[in-house]
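J.:
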Amino acid sequence: MSDLDDLYREIIVDHSKKPRNFGPLKGATAQAEGYNPLCGDKVAVQLKFENGVVTEVGFQGSGCAISTASASLMTESIKGKTRIEAESLFERFHNLLTGTVHSGESGLGKLDVFSGVQEYPARVKCATLAWHTLRAALQNTTKESSVETPQVSTE
Amino acid sequence: MTTASVSNLNVFDAGKVKEDFPILRQTIHGMPLVYLDNAASTQKPKAVIDAIAHLYTADYSNIHRGVHQLSERSTKQYEDARIKVQRFLHAEDSREIVFVRGATEGINLVAQTYGRTHIGPGDEVIISALEHHSNIVPWQILCQEKGAILRVAPINDDGELLLDEFERLLSPRTKLVAIAHVSNALGTILPVRWLIERAHRHGVPVLVDGAQAAPHMRVDVSELDCDFYVFSGHKLYGPTGIGILYGRASLLEEMPPYQGGGDMISSVTFAKTTYNTIPYKFEAGTPNIEGTIGLGAAIDYLNELGMDNIARYEGELLAYGTGQLSRVPGLRLIGTAKQKAGVLSFVLEGVHPHDVGTILDRQGIAVRTGHHCAQPVMERFGVPATTRASLAFYNTPGDIDALVAGIAKVKEVFH
Numbered sequence: 003m004s005d006l007d008d009l010y011r012e013i014i015v016d017h018s019k020k021p022r023n024f025g026p027l028k029g030a031t032a033q034a035e036g037y038n039p040l041c042g043d044k045v046a047v048q049l050k051f052e053n054g055v056v057t058e059v060g061f062q063g064s065g066c067a068i069s070t071a072s073a074s075l076m077t078e079s080i081k082g083k084t085r086i087e088a089e090s091l092f093e094r095f096h097n098l099l100t101g102t103v104h105s106g107e108s109g110l111g112k113l114d115v116f117s118g119v120q121e122y123p124a125r126v127k128c129a130t131l132a133w134h135t136l137r138a139a140l141q142n143t144t145k146e147s148s149v150e151t152p153q154v155s156t157e
Numbered sequence: 007m008t009t010a011s012v013s014n015l016n017v018f019d020a021g022k023v024k025e026d027f028p029i030l031r032q033t034i035h036g037m038p039l040v041y042l043d044n045a046a047s048t049q050k051p052k053a054v055i056d057a058i059a060h061l062y063t064a065d066y067s068n069i070h071r072g073v074h075q076l077s078e079r080s081t082k083q084y085e086d087a088r089i090k091v092q093r094f095l096h097a098e099d100s101r102e103i104v105f106v107r108g109a110t111e112g113i114n115l116v117a118q119t120y121g122r123t124h125i126g127p128g129d130e131v132i133i134s135a136l137e138h139h140s141n142i143v144p145w146q147i148l149c150q151e152k153g154a155i156l157r158v159a160p161i162n163d164d165g166e167l168l169l170d171e172f173e174r175l176l177s178p179r180t181k182l183v184a185i186a187h188v189s190n191a192l193g194t195i196l197p198v199r200w201l202i203e204r205a206h207r208h209g210v211p212v213l214v215d216g217a218q219a220a221p222h223m224r225v226d227v228s229e230l231d232c233d234f235y236v237f238s239g240h241k242l243y244g245p246t247g248i249g250i251l252y253g254r255a256s257l258l259e260e261m262p263p264y265q266g267g268g269d270m271i272s273s274v275t276f277a278k279t280t281y282n283t284i285p286y287k288f289e290a291g292t293p294n295i296e297g298t299i300g301l302g303a304a305i306d307y308l309n310e311l312g313m314d315n316i317a318r319y320e321g322e323l324l325a326y327g328t329g330q331l332s333r334v335p336g337l338r339l340i341g342t343a344k345q346k347a348g349v350l351s352f353v354l355e356g357v358h359p360h361d362v363g364t365i366l367d368r369q370g371i372a373v374r375t376g377h378h379c380a381q382p383v384m385e386r387f388g389v390p391a392t393t394r395a396s397l398a399f400y401n402t403p404g405d406i407d408a409l410v411a412g413i414a415k416v417k418e419v420f421h
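Residue numbers (my numbering), protein chains in the order written: chain A, 3 to 157; chain B, 7 to 421.
Next comes the structure, spelled out in structure tokens:
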């Protein structure tokens, strides 16, 4: 059962039960919605983007432990990042999930707890849903006014 | 001697039956496989695997064409399978059995042939709130094209169809009823005999989606008096890519063809084509020969066990499973109809079904998690998804116990 413990690390279970930055974000300047049609998971990411950096992030939605914890930890790790830094973080995170980078070598800090997902290919999309949504929201910040809410799908 | 063999027939030994299924003798993540995803697809007995292997080893060629020996052998086995299906469904005539890819294609065939010629603007098609997407979307496509209206008969909190509401929907505008025999997401057995009788009072034909019923109970289309009945081979312990459309001969005769091609014609000139007789009019192109013959072998196998024995045994197993799962704190069964067939759909407080599925898999237990291609059902019960354990006659009480132990492990992870 040790491999199950690798997937459901304590910090993941904790964030899934008590997600951080959960709920609507007042004064958000960009947002996006993500959907995984395979399992029905939905996530909405809102952020404040000021002077070229993400100053605040929030998320809402319902999903499995992996997707909720990933969204929660993402909101913590993304604050203060520029768009390029966020892209780079996502890329490294994705490499960790797909096994191109190994645990401890990712330089991802807290996000390294998701290394166990490597052994569960069916769950990679759960862990990346919030990140795909974040990316869509960040792309939206380039526009003058962000009235529209782009939607992304993992399919 | 005679007495002993008769009583042996009445005792259903699932443990012994399990040995007929080679795939079930394996471990997954080091644990014995417990296969509880039978509503998605069933495993194949050795008799089916052998029949397919034998076809390709000894008898295979294209059917209805060659005068040579192999073509004759393949054709005979292919047409024998049609008669096996006819008897399995208790249809009057083997010409009423059309081979299709699966239940989904059977429904689409009816929608695109019968539907397109009988349904027009303002007409109505009635379905129920517990249909699989395959018995929703083909009718939506048809209704959109024709300006017709799709009506949905509602269900109660137990997942039972509200019969009064169904009857109220029937009107002179109703042109077809398409309804599940057994719900894939909830396991509800619908009173299709009653529904058909009510629809017929209004002169409305009925299509029954039997994908989840045919593998679990005796189906008698003559007694049901249904106009169309569909099911899939792969859920009936047969191969994938083969399914059955039963259609009343008088309806099939007047329906236009579904697809054009070889075998569905009696003569072709560039000016005019005369179509073949039923059922061949609906079987264009070289069909799924191995699938059909494999399905015939599956029906032989089921007949040996006896569909009534299967239904009785699975009913007992379902009752045991319902009792065991009901005792798990924080577990809510979704679908608690009085009349049910082998489905245990549930949600576990505080744990998403996707996580339940992963943790069960690591213990060798295969279940389905998600919306089960029945999103309107999930919405009706206010859940995004469920975990579904679905039974077959090769499952044992021990499999249920493994599931209950597996759920305890899930709770441990999410303590």
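Beta carbons are placed, not taken as given, at the ideal position from N, Cα and C, and that holds for glycine.
Taking 8 Å as the threshold (C-beta atoms), are HIS138(B) and ALA184(B) in contact?
T.: Along the second sequence, one-based indexing puts residue 184(B) at 178. Along the second sequence, one-based indexing puts residue 138(B) at 132. No, they are not a contact pair.
J.: To which residues of the same chain is GLN381(B) closer than 8 Å at the C-beta, ignoring the five residues directly before and after it?
T.: Within the second sequence, the letter at position 375 stands for residue 381(B). Taken in chain order, the residues that qualify are HIS139.
J.: Kindly say whether ASP8(A), judged by its beta-carbon, lies nearer than 8 Å to any beta-carbon of chain B.
T.: Along the first sequence, read from residue 1 onward, the residue named residue 8(A) stands at position 6. Not closer than 8 Å to any Cβ of chain B, the Cβ of ASP8(A) fails to qualify, so no.
J.: Considering Cα atoms alone, identify which of ARG31(B), ASN44(B) and VAL40(B) is closest to PRO403(B).
T.: Along the second sequence, one-based indexing puts residue 403(B) at 397. Minimum Cα distance to PRO403(B) is reached at VAL40(B).
J.: In or out: LEU15(B) buried (at least 16 other Cβ within 10 Å) or exposed?
T.: Residue 15(B) sits at position 9 when you count from the first residue of the second sequence. Residue confidence is low: LEU15(B) scores 40 on pLDDT, short of 50, so the model does not pin down where it sits. Its coordinate-derived value is still stated next. With fewer than 16 other Cβ atoms within 10 Å, it is exposed.
J.: With a threshold of 16 other CB atoms inside 10 Å of the CB of THR53(A), please say whether the residue is buried or exposed.
T.: Position 51 of the first sequence, counted from the first residue, corresponds to residue 53(A). At residue 53(A) the sequence reads Asn, which differs from the Thr that was named. Answer is exposed; the Cβ neighbour count stays below 16.
J.: Within 10 angstroms of its Cβ, does PRO144(B) collect 16 or more other Cβ (buried), or is it exposed?
T.: Here residue 144(B) refers to the residue found at position 138 of the second sequence. When all chains shown are included, PRO144(B) counts as buried.
J.: When the cut-off is 8 Å and only beta carbons count, does LEU99(A) lie next to chain B?
T.: Start at 1 with the first residue of the first sequence, and residue 99(A) comes out as number 97. No, no contact with chain B.
J.: Determine the chain B residues that contact ARG11(A) at a beta-carbon separation under 9 Å, and present them in chain order.
T.: Translated into positions along the first sequence, residue 11(A) becomes position 9. None at all; the shortest Cβ gap to chain B is about 10 Å.
J.: Please name the residue or residues paired with PHE352(B) in a DSSP beta bridge.
T.: For the purposes of this step, residue 352(B) is taken as residue 346 along the second sequence, with counting starting at 1. Note: PHE352(B) sits in a beta bridge opposite LEU339(B) and THR393(B).
J.: Taking the alpha carbon of GLY412(B) as the reference point, which residue from TYR400(B), ALA395(B) and PHE399(B) has its own alpha carbon closest?
T.: Walking along the second sequence from the start, residue 412(B) turns up at place 406. Considering only alpha carbons, the answer is ALA395(B).
J.: Beta strand (DSSP E) containing ARG88(B): first to last residue?
T.: The residue given as residue 88(B) occupies position 82 in the second sequence. Careful: ARG88(B) lies outside any beta strand (DSSP E), inside the alpha helix (DSSP H) at 75-95.
J.: Tell me which residue opens and which closes the alpha helix (DSSP H) that LEU131(A) is part of.
T.: Against the first sequence, residue 131(A) aligns to sequence position 129. Residues 126-142.
J.: At a CB-CB cut-off below 8 Å, which residues of chain B make contact with ARG125(A)?
T.: The count along the first sequence starts at 1 and reaches residue 125(A) at position 123. By Cβ distance, chain B contributes HIS360 and THR364.
J.: Can you look up LYS417(B) in the DSSP assignment and give me helix, strand or coil?
T.: Translated into the one-based positions of the second sequence, residue 417(B) becomes position 411. Three-state DSSP puts LYS417(B) in a helix.
J.: Below 6 Å CB to CB, which residues in the same chain sit around TYR235(B) once its five sequence neighbours on both sides are set aside?
T.: Taking the first residue of the second sequence as 1, we reach residue 235(B) at position 229. Around TYR235(B): VAL214, GLY216, VAL227 and TYR252.
J.: Three or more beta-carbon pairs under 8 Å between the region 301-309 of chain B and the region 81-101 of chain B, yes or no?
T.: Flag = yes, the region 301-309 of chain B and the region 81-101 of chain B touch.
J.: Please list the terminal residues of the continuous alpha helix (DSSP H) segment that includes VAL56(A).
T.: Position 54 of the first sequence, counted from the start, is the residue given in the question as residue 56(A). VAL56(A) -> not in any alpha helix (DSSP H); beta strand (DSSP E) instead, spanning 55-64.
J.: Three-state secondary structure (DSSP) at MET76(A)?
T.: One-based indexing of the first sequence puts residue 76(A) at position 74. Three-state result, MET76(A): helix.
J.: Can you give me the Cβ contacts of LEU258(B) inside the same chain, cut-off strictly under 6 Å, excluding the 5 residues immediately before and after it?
T.: Taking the second sequence and counting its residues from 1, one reaches residue 258(B) at position 252. So the qualifying residues of the chain are ILE284.
J.: Considering just the uninterrupted stretch of the beta strand (DSSP E) at TYR235(B), what are its terminal residues?
T.: Within the second sequence, numbered from 1, the residue matching residue 235(B) stands at position 229. First-last of the beta strand (DSSP E) with TYR235(B): 234-238.
J.: Would you please verify whether the beta carbon of ALA46(B) is less than 8 Å from any beta carbon of chain A?
T.: As a position in the second sequence, residue 46(B) is number 40, starting the count at 1. Cβ-Cβ to chain A under 8 Å: no for ALA46(B).
J.: On the three-pair Cβ rule with 8 Å, is the region 127-136 of chain A touching the region 84-96 of chain A?
T.: Output reads yes: the region 84-96 of chain A touches the region 127-136 of chain A.
J.: Is the region 45-58 of chain B touching the region 297-304 of chain B, taking contact as three or more C-beta pairs under 8 Å?
T.: Touching, yes.
J.: For GLY36(A), which residues in chain B fall below 7 Å Cβ to Cβ?
T.: Along the first sequence, read from residue 1 onward, the residue named residue 36(A) stands at position 34. Ordered by position in chain B, no residue passes the 7 Å Cβ test against GLY36(A), which lies about 14 Å from the chain.
J.: What do you get for LEU9(A), buried or exposed, if any count of 16 or more other CB atoms within 10 angstroms of its CB means buried?
T.: As a first step, residue 9(A) must be located in the first sequence, where it is residue number 7. LEU9(A) is buried by the Cβ-count criterion.
J.: Using a 10 Å radius around the Cβ and a threshold of 16 neighbouring Cβ atoms, would you call LEU76(B) buried or exposed?
T.: Stepping through the second sequence from its first residue, residue 76(B) is reached at position 70. Looking at its Cβ environment, which holds fewer than 16 other Cβ atoms inside 10 Å, LEU76(B) is exposed.
J.: List, in chain order, every chain B residue whose beta-carbon is nearer than 8 Å to that of GLY25(A).
T.: To locate residue 25(A), count along the first sequence from 1; it is residue 23. Residues of chain B passing the Cβ test: none, with the nearest at roughly 19 Å.
J.: By Cβ distance below 7 Å, which residues in the same chain neighbour LEU324(B) in space, the five residues on each side in sequence not counted?
T.: As a first step, residue 324(B) is located in the second sequence; it is residue number 318 there, counting from the start. LYS346, GLY348 and LEU397, listed in sequence order.
J.: Please report the distance separating the alpha-carbon of ILE248(B) from that of LYS344(B).
T.: Counting from one through the second sequence, the residue named residue 248(B) turns up at place 242. Counting from one through the second sequence, the residue named residue 344(B) turns up at place 338. C-alpha separation (whole angstroms): 32 Å.
J.: Which stretch, first to last residue, makes up the alpha helix (DSSP H) that contains ILE86(A)?
T.: Along the first sequence, one-based indexing puts residue 86(A) at 84. Element bounds for ILE86(A): 85-100.
J.: Less than 7 Å between C-beta atoms, sequence neighbours within five positions excluded: which residues of the same chain meet that for TYR84(B)?
T.: For the purposes of this step, residue 84(B) is taken as residue 78 along the second sequence, with counting starting at 1. Excluding residues within five positions, the ones whose Cβ falls inside 7 Å are ILE69, ILE295, THR298 and ILE299.
J.: Note down the Cα distance separating SER189(B) from GLU78(B), rounded to an integer number of angstroms.
T.: In the second sequence, counting from the first residue as 1, residue 189(B) sits at position 183. In the second sequence, counting from the first residue as 1, residue 78(B) sits at position 72. The straight-line gap from Cα to Cα measures roughly 40 Å.
J.: Out of ALA87(B), GLU320(B) and PRO263(B), which one is the CA nearest neighbour of ALA117(B)?
T.: Sequence index remark: in the second sequence, residue 117(B) carries index 111 (1-based). When each option's Cα is compared against that of ALA117(B), the closest is PRO263(B).
J.: Any C-beta of chain B sitting closer than 8 Å to the C-beta of SER147(A)?
T.: The residue you call residue 147(A) lines up with position 145 of the first sequence. Confidence in SER147(A) is poor, its pLDDT being 44 and thus under 50, which makes the residue's placement too unreliable to answer from.
J.: How should ALA124(A) be labelled, buried or exposed, when 16 other C-beta atoms within 10 angstroms of its C-beta is the threshold for buried?
T.: In the first sequence, residue 124(A) corresponds to position 122, counting from 1. Flag for ALA124(A) reads exposed.
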